[in-house]
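In what follows, a single structure is set out as structure tokens and then discussed.
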Amino acid sequence: MTWTQALWAATMLITVYGRAVLHGDHLVHTKLGVIRGIEQKYGDQRVSAFLGVPYARPPVGTRRFAIPEMIEKWTGEMEANFAAKTCYLTIDTAFPQFPGAEMWNPPNGISEDCLNMNIWVPEVHDGSVLVWIYGGGFFSGSPSLALYDGTVLAAKKRTIVVNINYRLGPFGFLYLGDDSLIPGNMGLLDQQVALQWVHDNIESAGSASATAHLAAPDSHNYFNKIIANSGTIINSWASRTPDTMLELSLRLAKRLNCTSHGTDPLLIHNCLKAIPASTIQSEADIVSGDIGLPMTFAFVPVSADRNFFKGDVFDRLRRRDFKKDVSAILGSVKDEGTYWLPYYMNSNRYGFWFNHTISAEDPQNRALITRWTT
């Protein structure tokens, strides 16, 4: 695992304590139903993997943009042998065949039906549960990347490892107001429901995401330790005010011809839920591309809401109204911003050029800043 991937975003580890018990043949009984996994090995150590386990109702059709709801009970055995699909995003094609970029692309397809998780349970474990929330600026990332495979960590540390998924970009963070059907922070609420699933079904219980849950009252019961690396929820790139998020969301709605009858949130919602996901994503990329430097992303958590923060996160921090009975490790990644330099250097907007097929030391790849265009 490399920390340099954090992509200016939400890397997070939460440790809780549980008593998940296998019932033989990689079969586990939860409060919602029976799950059958597969066997993976690290050396001579056996690990039961439960891959692509759903934790919430699929956010598709009329439930696009909806607040997540816990999945209902099922009958029979649920087969959990394929890694969780990645939530809808744009595949990075900026540098074809360049491993440093393509290694972050999802290995198993993208889908709106993505509220699921990958779980690894070692044959012998100490009862602890470690939850990983991947980074990616709230617009990219996947729990199923090869370098996030939890087999080795589970085996070596004798801990249950859980990688959770959450909605990204406009699907997770579009905002039309607290009273609308697109209330913002759906992606953070996805994380919260996933933590609840872990808490309820494993018999107990990204860095910007980690600190967000510290300030979210309904998350507090689900964890007691965090490792937050690469920023906090109050960084300029990690959250925006309601006014700013509303302006950006209306900008996207206008590009999708959903404001022709005004800006009534219900009319916009009805329009947006009928548009193909690929169209929404491509237009959202254009809105995001209009922002530029300093490092900011368009569709991120709204800093004040009724459902997740239940108030303003900045006010909560000023009043010290956040979870304090927690052990925490906070860190940063040295030179992490350099990950983005090739993307800016590849843009004529900034007068740069980057050719990934030749050496970074080649004169062609030098950054000679001579102009700035807006």
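Quick note, the sequence shown lines up with residues -18 to -1, 1 to 356 if you use mature numbering (1 follows the signal peptide of the UniProt record, and there is no 0). Every residue gets a Cβ at the ideal spot worked out from N, C-alpha and C, and that includes glycine.
The shortest CA-to-CA distance from N183 to any of L238, C69, A194 and I53 is the one to I53. For P104, the pairing in a beta bridge is given by DSSP as V29. Per the coordinates, the alpha-carbon of A62 lies some 20 Å from the alpha-carbon of L135. Between the region 56 to 72 and the region 257 to 273 there are three or more inter-stretch CB-CB distances shorter than 8 Å, so the stretches are counted as touching. One alpha carbon belongs to N252, the other to L234, and they sit about 14 Å apart. The C-alpha of I216 lies about 20 Å from the C-alpha of S231. At the C-beta level, T141 and V29 stay beyond 7 Å of one another. Beta-bridge annotation (DSSP): D225 is not paired with any residue.
For I208, the three-state secondary structure derived from DSSP is strand. The residues Y157, G166 and V284, in chain order, have a CB closer than 7 Å to that of M227 in the same chain once the five nearest residues on each side in sequence are set aside.
For W322, no alpha helix (DSSP H) run applies, since DSSP gives it neither H nor E.
The C-beta distance from K207 to V144 rounds to 14 Å, too long to fall under 8 Å, and the pair is not in contact. Taking a contact to require three or more Cβ pairs closer than 8 Å, the region 84 to 94 and the region 287 to 305 do not qualify as touching. For A286, the beta-bridge partners assigned by DSSP are D294. Going by DSSP, L150 is part of no beta strand (DSSP E) at all; its letter is neither H nor E. Here H243 is exposed, its C-beta having fewer than 16 other C-beta atoms within 10 Å. Spatial neighbours of G313 in its own chain (CB-CB distance under 6 Å, excluding positions within 5 residues in sequence) are listed in chain order as N211. Comparing alpha-carbon positions, the option among K306, I209 and I340 lying closest to V315 turns out to be I209. Boundaries of the beta strand (DSSP E) harbouring W114: S110 to I115, taken from the DSSP string. For A194 against V282, the beta-carbon gap comes to about 10 Å, at or over 8 Å, which does not count as contact. Spanning the alpha carbons of E21 and E229 requires a straight line of approximately 49 Å.
A distance below 7 Å between beta-carbons, with the five flanking residues on each side excluded, links M99 to the following residues of its chain, in chain order: V35, Y37, A66, P125, V144, N145, I146, N147 and A176. Here the alpha carbons of F32 and I101 stand approximately 5 Å from one another. By a beta-carbon distance limit of 8 Å, D172 contacts L97. Their separation comes to about 6 Å.
Only residues of its own chain outside the window of five on either side were considered, and among them R46 have a CB closer than 6 Å to the CB of K255, listed in chain order.
DSSP, reduced to helix, strand and coil, places C69 within a strand of the structure shown. Leaving aside the five residues that flank T241 on each side, the residues in its chain whose CB is nearer than 8 Å to its CB run, in chain order, L232, A235 and I250. Separation of D344 and D272 (C-alpha to C-alpha, rounded to the nearest whole angstrom) is 30 Å.
Scanning L127, D26, I340 and I49 for the CA closest to the CA of M168 turns up I49. Ranking V180, A259 and P81 by CA distance to the CA of L14 puts V180 first. In summary, I268 is exposed, with fewer than 16 beta-carbon neighbours lying within 10 Å of its beta-carbon over all protein chains present.
Looking at the DSSP output, I142 bridges to V111. Taking C-beta atoms as the reference points, A280 and E94 fail to come closer than 7 Å. Distance between F205 and N337, taken at the CA atoms: about 44 Å. Scanning its chain for C-beta atoms nearer than 6 Å, with the 5 sequence neighbours on each side dropped, one finds around R149 the residues C69, M168, G169 and D172, in chain order. The residue from V111, E51, H8 and I257 with its alpha-carbon nearest to that of G43 is I257.
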